[in-house]
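Colleague: Quick one: the structure is below, and I'll ask about it shortly.
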Amino acid sequence: MDPTSAVTTALRERAPLVQCLTNFVSMDLTANVLSAVGASPAMVHDPQESAELAALADAVYVNIGTPSPRWADGMRLAAAQARADGTPWVLDPVAVGATRYRRELVDDLLRLRPTVVRANAGEVLALAGTVGASRGVDSLADAQDAHVAARTVAREHGCVVVVSGPVDLVTDGDRALHVHGGHRWMPMITALGCSSSALVAAACAVVDDPVAAAAGAMGLLASAGTSAAEVAEGPASLRVSIVDRLAEPGRLELGSHVRPGA
Amino acid sequence: MDPTSAVTTALRERAPLVQCLTNFVSMDLTANVLSAVGASPAMVHDPQESAELAALADAVYVNIGTPSPRWADGMRLAAAQARADGTPWVLDPVAVGATRYRRELVDDLLRLRPTVVRANAGEVLALAGTVGASRGVDSLADAQDAHVAARTVAREHGCVVVVSGPVDLVTDGDRALHVHGGHRWMPMITALGCSSSALVAAACAVVDDPVAAAAGAMGLLASAGTSAAEVAEGPASLRVSIVDRLAEPGRLELGSHVRPGA
Amino acid sequence: MDPTSAVTTALRERAPLVQCLTNFVSMDLTANVLSAVGASPAMVHDPQESAELAALADAVYVNIGTPSPRWADGMRLAAAQARADGTPWVLDPVAVGATRYRRELVDDLLRLRPTVVRANAGEVLALAGTVGASRGVDSLADAQDAHVAARTVAREHGCVVVVSGPVDLVTDGDRALHVHGGHRWMPMITALGCSSSALVAAACAVVDDPVAAAAGAMGLLASAGTSAAEVAEGPASLRVSIVDRLAEPGRLELGSHVRPGA
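Chains W, L and Y are the protein sequences, given in the same order. Per the numbering used here, residue 1 is the first one in the first sequence, and the count goes up by one each step. Per the numbering used here, residue 1 is the first one in the second sequence, and the count goes up by one each step. Per the numbering used here, residue 1 is the first one in the third sequence, and the count goes up by one each step.
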């Protein structure tokens, strides 16, 4: 079975509990995306309970989009628990190049060995030290350079890296898969990238190979985006239709989005 | 007049100010649901101002979905002010069984005597001590057991308990009402349960009997869900249509949702 | 060119980076509105990084809707940095009359000289000291009184004041512009006012005259609302269509919304 179909089916069969420590902007869409695909989201962030919940979770998702010291503590505790338990965890290093505080937090978190890092081109370049600063969350960086940087980051940190863009790349530094599909309005939907990271975490809970899991998760979202674009009139109605489509995957063409990478 | 119609009409006539101390995931939908029915939402949580606002509010709504110590302080202060003033207040004990921190916070809040507790089946079982832990916010627990537990919780804490599910139960431990309606996609809409708790709080501000208020609030949401399902294509478009319908209640069939319970 | 067209075009050409320190309820819609018009939103609030990001931003937007001491520190630092750099910054004093904490925070922020203050009628009256308290975020105050108060506030603090309502007023205490358009469901969309403040900040980054910038931003939103109302069935579908329309401004009638004020 292709990775997209495998992820889609396994999410509905196993309904993984996905702990999310994510930014304030993305909570709504992220939780709705996870619920739509059959996963069970749990937004639990505070140090008082983040490790305790991580011990119960099937996957942990950490996103630094709106960081503060107390949330950072909660993230470190949850990620450390996940690592200790062998639970997959995913890092989304939002705008890592923008401030010193984000760079230091991401350095901390990378030492806890995420299973997957999902980022845009500018963020991957910042992680690789190729550029000093990305400009907010939007990246103008060259996708090709980012793909080279992604392999470097994957090897250095022993993780899978997903670079989202017009064509997504998934690599462990050795193998590479490309994910095609989606629509030009998708980058205008705030937190859709964050939601894709959460979907990657959910997929890692139900598919053993994180390269296949990540590619399948991105393929599922690309498939929903392609289908939703048929009825949407702009980014906001596209967002609504994407969640609708994720909840009814029988209508989606899942098979053609993931292809071998260069 | 049936409770649903009574609540719907009274909300528009009196436009109650409803203070919400709720989780990050649910703020957007909760505020929009309250505005749609004619209430005035005020998201005020910090200890610096939560009691001061509670003294002005017509109802207070406390939801522990994303708890932290400072927010917990704000919740205690607002609930205590509401209790001192005789202002109705509603507790939503999200995922209370999941962590020690949530159980302790809910124990604290129950001592401040909420007017209504609104929860899903797993959370009510956790409150009654029937089960050790619910799995995140989704409950697989048996509805029948939860209805028995709800009466126990209502008697023990002197409050009304609402258990949401395919058929909602509203009970004060003695009387019981059932609320029918809605759609299978509604549990997939993140924070719709939280929003129903806020709606119960708003209803308690305008209808004196909290059993009738809670049943009417749940009936209004069920009615909007049933109607919205006629045009929705999945959970996200259902969410949009539910809020649209709540804002134009003249189009709804309000009368048939609340029925005597067993 | 009229202000609405000038703002709309300049936002797409220059894609300003807009830092937002805004309330939890409004983050989702605010970010999506900014992305739709071509701006780049950056939700960065913590004192650890708020000034550093403000130094990079093209505009800073501060909204006190869900205030707490740490966020207030982040706001003061970002606003001070903006002021030091000559970067435009916009203040939205949500429910300023409701609590002592909000009044003191707004007093602090006004000393940092915002470029524009955007508020509803009740909030402007509270700023002018005309009334003691507004009731939550909804204002029942008389629009005419608010327009007089807006001129007073603008002169006293050396800023532009935008009062939103059925007809918006933009004034620097001397000049005045009115903005027409929109729809009766728009006040029912939570955080649409907050989003308009963010849009004003974005406009100030690309149009030098803050009166024209603010009027153009409000005109763009009014135009999207007027157009979106043709297909909406209530406030939630109106919200979706407004963001859709903002992303495709070629379909909008931009020219007729801003007119000379009395």
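Ideal Cβ positions, reconstructed from N, Cα and C, are used throughout, including at glycine. Small disclaimer: the values here were computed from a predicted structure and weren't measured.
Identify which residue in L/Val258, L/Ala10, L/Asn23 has its Cα closest to the Cα of serine 197 of chain L.
Modeller: For the purposes of this step, residue 197 of chain L is taken as the residue at position 197 of the second sequence. When only C-alpha atoms are compared, the closest one is L/Asn23.
Colleague: Nearest to alanine 31 of chain L by CA position, among Y/Val117, Y/Thr190, Y/Ser241, is which residue?
Modeller: Sequence index remark: in the second sequence, residue 31 of chain L carries index 31 (1-based). Minimum Cα distance to alanine 31 of chain L is reached at Y/Thr190.
Colleague: Is the segment 104 to 122 of chain Y in contact with the segment 156 to 176 of chain Y, if contact means three or more CB pairs nearer than 8 Å?
Modeller: Yes: the two stretches touch, three or more of their Cβ pairs being nearer than 8 Å.
Colleague: Cβ closer than 9 Å: which chain L residues qualify as neighbours of alanine 98 of chain Y?
Modeller: Within the third sequence, residue 98 of chain Y is the residue found at index 98, counting from 1. Going along chain L in sequence order, the residues near alanine 98 of chain Y (Cβ under 9 Å) are Ala42, Val44, Glu49, Glu52, Leu53, Leu56.
Colleague: Taking 8 Å as the CB-CB limit, is arginine 245 of chain L close to chain Y?
Modeller: Translated into positions along the second sequence, residue 245 of chain L becomes position 245. Yes, its Cβ sits closer than 8 Å to a Cβ of chain Y.
Colleague: Touch check for the segment 13 to 22 of chain W and the segment 36 to 51 of chain W: three-plus C-beta pairs under 8 Å?
Modeller: Yes: at least three Cβ pairs fall under 8 Å.
Colleague: Nearest to glutamate 49 of chain L by CA position, among Y/Ile242, Y/Ala95, Y/Ala51, is which residue?
Modeller: Here residue 49 of chain L refers to the residue found at position 49 when the second sequence is read from its first residue. Among Y/Ile242, Y/Ala95, Y/Ala51, the Cα nearest to that of glutamate 49 of chain L belongs to Y/Ala95.
Colleague: Go through its chain and collect everything with a Cβ distance to methionine 27 of chain W's Cβ below 7 Å, but skip five positions before and after it.
Modeller: By 1-based counting over the first sequence, the position of residue 27 of chain W is 27. Only Met43 meet the Cβ criterion.
Colleague: Fully enclosed by the segment 122 to 209 of chain L, which alpha helix (DSSP H) runs are 4 residues long or longer?
Modeller: Segments of the alpha helix (DSSP H) lying fully in the segment 122 to 209 of chain L: 143 to 157, 192 to 206.
Colleague: Quick one: measure Cβ to Cβ for aspartate 2 of chain Y and valine 179 of chain Y, integer angstroms, because I've assumed they're closer than 8 Å.
Modeller: The residue you call residue 2 of chain Y lines up with position 2 of the third sequence. The residue you call residue 179 of chain Y lines up with position 179 of the third sequence. Incorrect: roughly 11 Å between the Cβ atoms, too far for contact.
Colleague: How long is the line joining the alpha carbons of valine 62 of chain L and leucine 177 of chain W, rounded to whole angstroms?
Modeller: As a position in the second sequence, residue 62 of chain L is number 62, starting the count at 1. As a position in the first sequence, residue 177 of chain W is number 177, starting the count at 1. Using only the alpha carbons, I get a separation of about 46 Å.
Colleague: What is the rounded straight-line gap between the Cα of cysteine 194 of chain Y and the Cα of arginine 14 of chain L?
Modeller: By one-based count along the third sequence, residue 194 of chain Y stands at place 194. By one-based count along the second sequence, residue 14 of chain L stands at place 14. Cα-Cα distance, rounded: 25 Å.
Colleague: Of all the options Y/Ala72, Y/Pro249, Y/Thr9, Y/Val124, which has the alpha carbon lying nearest to the alpha carbon of valine 317 of chain Y?
Modeller: Here chain Y comprises residues numbered 1 to 262, so residue 317 of chain Y is not present and cannot be evaluated.
Colleague: Any heavy atom of the ligand NAP closer than 7 Å to the Cβ of aspartate 92 of chain L?
Modeller: Questions concerning the ligand NAP fall outside what the structure shown contains, since it holds no ligand whatsoever.
Colleague: Report yes if the CB atom of glycine 38 of chain Y is closer than 8 Å to the CB atom of arginine 70 of chain Y, and no otherwise.
Modeller: Taking the first residue of the third sequence as 1, we reach residue 38 of chain Y at position 38. Taking the first residue of the third sequence as 1, we reach residue 70 of chain Y at position 70. Not closer than 8 Å, so no.
Colleague: Name the chain W residues whose beta carbon is nearer than 9 Å to that of threonine 66 of chain L?
Modeller: Taking the first residue of the second sequence as position 1, residue 66 of chain L is located at position 66. Within chain W, the residues near threonine 66 of chain L are Met27, Met43, Val44, His45, Asp46.
Colleague: Could you please tell me which residues of the segment 80 to 112 of chain Y, in chain order, have their CB closer than 8 Å to any CB of chain L?
Modeller: Going along the segment 80 to 112 of chain Y in chain order, one finds Ala95, Ala98, Thr99, Arg100, Tyr101, Arg102 with a Cβ nearer than 8 Å to chain L.
Colleague: Hey, is serine 241 of chain W's beta-carbon within less than 8 Å of any beta-carbon in chain Y?
Modeller: Along the first sequence, one-based indexing puts residue 241 of chain W at 241. No, no contact with chain Y.
Colleague: Less than 8 Å between the beta carbons of glycine 86 of chain Y and glycine 122 of chain Y, yes or no?
Modeller: Translated into the one-based positions of the third sequence, residue 86 of chain Y becomes position 86. Translated into the one-based positions of the third sequence, residue 122 of chain Y becomes position 122. No, the pair does not count as a contact, with Cβ atoms beyond the cut-off.
Colleague: Starting from serine 35 of chain Y, trace the alpha helix (DSSP H) in both directions and tell me its first and last residue.
Modeller: Numbered from 1 along the third sequence, position 35 holds the residue referred to as residue 35 of chain Y. Looking at the DSSP string, the run of the alpha helix (DSSP H) that includes serine 35 of chain Y is 27 to 37.
Colleague: Is there contact here, the segment 205 to 216 of chain W with the segment 208 to 215 of chain L, by at least three beta-carbon pairs under 8 Å?
Modeller: Touching, no.
Colleague: DSSP three-state label for methionine 218 of chain L, please.
Modeller: As a first step, residue 218 of chain L is located in the second sequence; it is residue number 218 there, counting from the start. Reduced to three states, the DSSP call for methionine 218 of chain L is helix.
Colleague: Closer than 8 Å by beta-carbon distance: list the chain W residues that pair up with alanine 126 of chain L, in chain order.
Modeller: Mapped onto the second sequence, residue 126 of chain L falls at position 126. By Cβ distance, chain W contributes nothing, its closest Cβ being about 14 Å from alanine 126 of chain L, past 8 Å.
Colleague: Three-state secondary structure (DSSP) at serine 40 of chain L?
Modeller: Position 40 of the second sequence, counted from the start, is the residue given in the question as residue 40 of chain L. Serine 40 of chain L falls in the strand class under three-state DSSP.
Colleague: Proline 3 of chain L CB to nearest chain W CB: under 8 Å?
Modeller: Taking the first residue of the second sequence as position 1, residue 3 of chain L is located at position 3. False, the Cβ-Cβ gap to chain W never drops below 8 Å.
Colleague: Any residues in the segment 185 to 200 of chain W with a beta carbon nearer than 9 Å to a beta carbon of chain L? Which ones, in chain order?
Modeller: Residues passing the 9 Å Cβ filter: none.
Colleague: Which whole runs of the alpha helix (DSSP H) in the segment 228 to 261 of chain W are 4 residues long or more, in chain order?
Modeller: For the segment 228 to 261 of chain W, whole alpha helix (DSSP H) runs of length 4 or above, ordered along the chain, are 235 to 247.
Colleague: Quick one: list the residues of chain L neighbouring alanine 36 of chain W, beta-carbon separation under 8 Å, in chain order.
Modeller: On the first sequence, position 36 is the one that residue 36 of chain W refers to. Correct list: Met188, Gly234, Pro235, Ala236.
Colleague: From the beta carbon of aspartate 120 of chain Y, is the nearest beta carbon of chain W less than 8 Å away?
Modeller: Position 120 of the third sequence, counted from the first residue, corresponds to residue 120 of chain Y. The sequence as given places asparagine at residue 120 of chain Y; aspartate does not occur at that position. No - not a single Cβ of chain W is within 8 Å of the one on asparagine 120 of chain Y.
Colleague: So asparagine 23 of chain L contacts chain W; which residues on that side make the cut at Cβ distance below 8 Å?
Modeller: The residue labelled residue 23 of chain L in the question sits at position 23 within the second sequence. Near asparagine 23 of chain L (Cβ distances below 8 Å), the residues of chain W are Met43.
Colleague: Can a CB atom of chain L be found closer than 8 Å to the CB of alanine 31 of chain W?
Modeller: Looking up residue 31 of chain W in the first sequence gives position 31. Yes, because at least one Cβ of chain L sits closer than 8 Å to the Cβ of alanine 31 of chain W.
Colleague: Find the residues of chain W that neighbour glutamate 248 of chain Y, judging by a C-beta separation of less than 7 Å, and give them in chain order.
Modeller: Here the question's residue 248 of chain Y lines up with position 248 in the third sequence. Chain W residues near glutamate 248 of chain Y: Gly234.
Colleague: For the segment 93 to 120 of chain W, list the beta strand (DSSP E) runs that are entirely contained and at least 3 residues long, ordered along the chain.
Modeller: DSSP runs (the beta strand (DSSP E)) wholly in the segment 93 to 120 of chain W: 116 to 120.
Colleague: Just to confirm before moving on: does the CB-CB distance between threonine 130 of chain Y and alanine 143 of chain Y stay below 8 Å?
Modeller: Translated into the one-based positions of the third sequence, residue 130 of chain Y becomes position 130. Translated into the one-based positions of the third sequence, residue 143 of chain Y becomes position 143. No, these two residues do not count as a Cβ contact at 8 Å.
Colleague: How many whole angstroms separate the CB atoms of tryptophan 89 of chain W and alanine 51 of chain W, which I take to be in contact at a CB cut-off of 8 Å?
Modeller: For the purposes of this step, residue 89 of chain W is identified with residue 89 of the first sequence, where counting begins at 1. For the purposes of this step, residue 51 of chain W is identified with residue 51 of the first sequence, where counting begins at 1. That belief does not hold up - the Cβ atoms of tryptophan 89 of chain W and alanine 51 of chain W are roughly 12 Å apart, past 8 Å.
Colleague: Compute the Euclidean distance between the alpha carbons of valine 106 of chain Y and proline 93 of chain Y, then round it to the nearest angstrom.
Modeller: Indexing the third sequence from 1 puts residue 106 of chain Y at position 106. Indexing the third sequence from 1 puts residue 93 of chain Y at position 93. If you take the alpha carbons of valine 106 of chain Y and proline 93 of chain Y, they lie about 7 Å apart.
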